[in-house]
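Under the UniProt record's numbering, read the sequence shown as residues 1 to 155, first letter to last.
Ideal placement from N, C-alpha and C gives every residue a C-beta, glycine not left out.
Fair warning: this is a prediction, and the values are worked out from it, not measured in the lab.
To start, the structure under review is shown below, and the notes come after it.
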Amino acid sequence: MFPLHLAALNAHSDCCRKLLSSGFEIDTPDKFGRTCLHAAAAGGTPLHYAAANCHFHCIETLVTTGASVNETDDWGRTALHYAAASDVDRKSKTILGNAHENSEELERARELKEKEAALCLEFLLQHDANPSIRDKEGYNSIHYAAAYGHRQCLE
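Following this line, the structure appears as structure tokens:
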């Protein structure tokens, strides 16, 4: 993975911004001769990582600096697919730990993550993400939102 991928994956929008503004060369090869393009072709772009983890500020930074919202990975999935399929329940439990499994605190954290997922989807759609793009299995982002129970994302 490359610095931009890692920054997007870990919600470091300030790092994404810094890398992009300081002329980070996305075609610089690593020690194996692979570039960011190779990494993207093998499993996703920084935008895919940010969307899968509902990192709104990273998504915003990447899109406003030119990331393609409709770029697909090896499986034909776009950032919209990943945002719609984000595992809100798992993320909420990770934030609070399993000790709070049935608490109001967990429910509030889940609701917050659900709102963040909806915000990410809304932003991508406002920036021309195409919800009708189907992956290699024939599923679009609406299928993913329904499969993962994201009612807010379907609205």
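Proximity below 8 angstroms, CB of residue i to CB of residue j
i, j, result
"Tyr-144", "His-81", "yes"
"Ala-129", "Ala-67", "no"
"Gly-44", "Lys-136", "no"
"Asp-74", "His-48", "no"
"Leu-62", "Cys-15", "no"
"Leu-112", "Val-69", "no"
Continuous alpha helix (DSSP H) stretch holding residue i: start and end
i, result
"Ile-142", "141-147"
"His-81", "79-84"
"Pro-46", "46-52"
"residue 170", "A query on residue 170 cannot be resolved here, the shown segment of the chain reaching from 1 to 155 and no further."
"His-57", "56-64"
"Glu-105", "104-126"
Buried or exposed (CB count within 10 angstroms, at least 16 for buried), residue i
i, result
"Asn-53", "buried"
"Glu-107", "exposed"
"Glu-60", "buried"
"Glu-114", "buried"
"Ser-86", "buried"
Rounded distance between the beta-carbons of residue j and residue i, thought under 8 angstroms
i, j, result
"Ala-50", "Ser-141", "Incorrect: roughly 15 angstroms between the Cβ atoms, too far for contact."
"Phe-24", "Pro-3", "7 angstroms"
"Thr-65", "Leu-20", "5 angstroms"
"Leu-119", "Phe-56", "5 angstroms"
Distance cut-off 7 angstroms: residue i Cβ against heavy atoms of the ligand NAD
i, result
"Cys-15", "Absence of the ligand NAD is noted for the structure shown, with no ligands found whatsoever."
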